[in-house]
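Presented below is the structure to which this report refers.
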Amino acid sequence: MQRTFKEDFWWGAATSGPQSEGRFNKKHANMFDYWYEIEPTDFYDQVGPDVTSNFYNSFKEDITLMKEIGLNSVRTSIQWSRLMDDLELGTVNEDAVRFYNEVIDTFLEAGIRPVMNLHHFDLPVELYHKYGGWESKHVVELYVKFAEKCFELFGDRVKDWFTHNEPIVVVEGEYLHQFHYPKIVDGKKAVQVAYNLNLASAKAIQAFRKLGLQNDGGRIGIILNLTPTYPASDSPEDLAAANIAELFNNRMFLDTAVHGEFPQELVDLFIKDGVLWESTSEELAVIKENTIDVLGVNFYHPNRVKAPDIAPNSVGEWLPNRYFDEYNMPGRRMNIDRGWEIYPKALYDIAINIRDNYNNIPWFVSENGMGISGEERFMNEDGVVEDDYRIDFIREHLEWVHQGIEEGSNCFGYHLWTPIDCWSWANAYKNRYGFISTNIHTQIKTIKKSGHWFKTVAQTNTVTDK
149 MQRTFKEDFW WGAATSGPQS EGRFNKKHAN MFDYWYEIEP TDFYDQVGPD
199 VTSNFYNSFK EDITLMKEIG LNSVRTSIQW SRLMDDLELG TVNEDAVRFY
249 NEVIDTFLEA GIRPVMNLHH FDLPVELYHK YGGWESKHVV ELYVKFAEKC
299 FELFGDRVKD WFTHNEPIVV VEGEYLHQFH YPKIVDGKKA VQVAYNLNLA
349 SAKAIQAFRK LGLQNDGGRI GIILNLTPTY PASDSPEDLA AANIAELFNN
399 RMFLDTAVHG EFPQELVDLF IKDGVLWEST SEELAVIKEN TIDVLGVNFY
449 HPNRVKAPDI APNSVGEWLP NRYFDEYNMP GRRMNIDRGW EIYPKALYDI
499 AINIRDNYNN IPWFVSENGM GISGEERFMN EDGVVEDDYR IDFIREHLEW
549 VHQGIEEGSN CFGYHLWTPI DCWSWANAYK NRYGFISTNI HTQIKTIKKS
599 GHWFKTVAQT NTVTDK
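All residue numbers for the sequence shown refer to this note's numbering, where the first residue is 149 and numbers rise by one.
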């Protein structure tokens with residue numbers, strides 16, 4: 149069977165500044181630069197962000213490869229720690245301006261739509277050490293200064309902007325589950341950070357519209373990793389656990405971005421537990437009045453939960469997962485290398501949820517992908533990685549995206565994570581995701597079988613069953 153997508157469908161891939169550029173010529177360290185400085189053993193094979201995929205030096209050659217595999221759009225990010233010279237005054241670094249101008253122009257010359265994100269976990273670390281980072285509303289204001297500079301400098305050519313990538317990961321990684329620096333466990337701080345990230349997004353959208361960029365075809369949104377919540381059973385206890393997990397993991401950002409309001413049920417829960425964020429009526433009005441134009445959806449795996457083994461009213465430090473436990477469904481399909489369940493139908497469920505509950509807002513799959521370790525296992529005698537598993541993974545997900553579109557969901561694109569194997573935070577290069585392989589020792593880059601396959605998909609707007 150053939151599934152055909154509309155002519156202007158986005159066929160692309162996504163990366164980020166901190167994961168691709170390398171640390172060359174950056175005045176400021178971000179959270180990961182600093183973490184690697186102080187704890188390099190936390191990173192797989194002690195590979196840090198100094199070089200990553202060398203995009204700072206090789207972007208012209210890299211973009212040529214992206215064009216060669218048929219990409220018509222690519223999302224990356226502008227690094228706050230690179231662009232800004234003085235973080236407080238909002239002045240810019242001239243080398244960074246040159247670099248990003250050249251990157252944007254090179255994309256456009258290649259016929260690739262540049263899609264820009266403003267924050268991809270990469271807060272300048274000095275703002276954490278001085279103010280507590282996203283715990284601070286002063287940092288929110290500094291972020292807005294940075295966003296304004298991006299809009300002013302690049303908004304004449306970049307028409308698609310996003311305020312944050314996966315903001316819930318900042319909450320979870322830094323303040324709940326200790327997989328990102330500073331590895332704090334503090335539920336109340338986590339809730340405040342979630343609020344401040346929502347506020348920062350709304351204020352950046354407000355700045356975008358004050359500059360009138362929407363009048364010249366510009367639009368702005370947010371990238372959320374939506375992990376649909378599936379209860380272990382239909383028991384009232386499992387359903388209640390799934391509802392709270394959905395409120396915290398997905399709706400805390402999705403409802404706010406699209407509807408301009410936090411879910412009241414979640415607010416009531418935070419009030420009951422004494423962990424509600426500090427807010428003002430003026431801030432809540434900004435959030436209400438500055439909702440997104442477009443939504444990016446990152447999807448990798450579902451979120452299956454069950455009723456918690458302990459009572460939610462147990463005594464001790466408040467964390468949201470006192471209300472739900474992870475559930476590992478027997479018989480699930482797995483990407484064993486990454487430890488993630490493979491469940492493509494979730495993208496259909498997301499599509500219908502957006503259609504029915506979120507104004508059928510325009511959206512695209514902003515990340516989807518399969519990280520495999522030791523991909524040299526699949527390299528043929530010509531040096532090409534024969535990643536049929538990735539082709540099958542993409543095809544299955546696109547089948548469900550297509551079904552959602554057929555049923556009226558307003559999805560306009562699909563971006564794989566990632567165009568070129570990139571540095572994945574503490575996992576470094578353990579798992580490879582790209583259409584194009586990177587030899588991190590020589591920086592030689594080679595198109596994988598999936599890249600050649602995807603070119604045909606992009607050229608024909610068609611996905612054919614295996």
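Note that CB positions come from ideal geometry on N, CA and C, so glycine has one too.
On a CA-only basis, which of the options is nearest residue i? Give me that one, please.
i: V263; options: W309, L301, R230; result: W309
i: I392; options: T152, A380, D364, N469; result: N469
i: P478; options: I186, S381, E465; result: S381
i: S164; options: S557, N313, V292; result: N313
i: L266; options: Y279, D253, H277, R223; result: R223
i: D334; options: H589, R151, K351, G464; result: G464
i: P510; options: A459, I371, R230, K336; result: I371
i: M214; options: N609, A352, F602; result: F602
i: E431; options: Y291, L237, A350; result: A350
i: L414; options: D253, N397, D210; result: N397
i: D181; options: S572, G599, V605, Y581; result: S572
Just the Cα atoms here: how many angstroms apart are residue i and residue j?
i: V549; j: D569; result: 24 angstroms
i: N587; j: F269; result: 25 angstroms
i: E474; j: A162; result: 28 angstroms
i: E322; j: K208; result: 34 angstroms
i: V240; j: T612; result: 47 angstroms
i: F356; j: N346; result: 15 angstroms
i: K307; j: E296; result: 14 angstroms
i: V339; j: A244; result: 33 angstroms
i: L374; j: I490; result: 15 angstroms
i: E169; j: A258; result: 19 angstroms
i: H286; j: R538; result: 43 angstroms
i: G218; j: Q607; result: 7 angstroms
i: G575; j: F191; result: Looking at the sequence shown, residue 575 is not Gly but Asn. Taking the straight line joining both Cα atoms gives about 6 angstroms.
i: T590; j: N344; result: 41 angstroms
i: G561; j: G160; result: 8 angstroms
i: F418; j: D403; result: 16 angstroms
Just verifying my parser: in three-state terms, what is the DSSP assignment at residue i?
i: P376; result: coil
i: L347; result: helix
i: T590; result: coil
i: K174; result: coil
i: N446; result: strand
i: A130; result: The structure shown does not extend to residue 130, since the chain is modelled only from 149 to 614, so the question has no answer here.
i: E169; result: coil
i: E474; result: strand
i: Y496; result: helix
i: T239; result: strand
i: A162; result: strand
i: P188; result: helix
i: I217; result: coil
i: V245; result: helix
i: Y581; result: coil
i: D193; result: helix
Beta carbon of residue i, beta carbon of residue j: below 7 angstroms?
i: R452; j: Y378; result: yes
i: W565; j: G517; result: yes
i: R171; j: D193; result: no
i: I595; j: I584; result: yes
i: W466; j: D421; result: yes
i: G519; j: N476; result: no
i: E523; j: V533; result: yes
i: V445; j: S514; result: yes
i: F447; j: L495; result: yes
i: P272; j: L235; result: yes
i: N178; j: P166; result: yes
i: G106; j: Y204; result: Outside the shown range of the chain (149 to 614) lies residue 106, about which nothing can therefore be said.
i: S557; j: I502; result: yes
- [ ] Mind listing, in chain order, the continuous alpha helix (DSSP H) runs of no fewer than 4 residues lying wholly within the region 294-351?
- [x] 315-323
Task: Complete runs of the alpha helix (DSSP H) confined to the region 269-295 [at least 4 residues] - done: 273-279
Open item on the list: What ranges does the beta strand (DSSP E) occupy inside the region 489-534, keeping only unbroken runs of at least 3 residues that lie completely in it?
Closed with: 511-515
Task: Start-end ranges of the beta strand (DSSP E) lying completely within the region 354-402, minimum 3 residues - done: 367-373, 377-379
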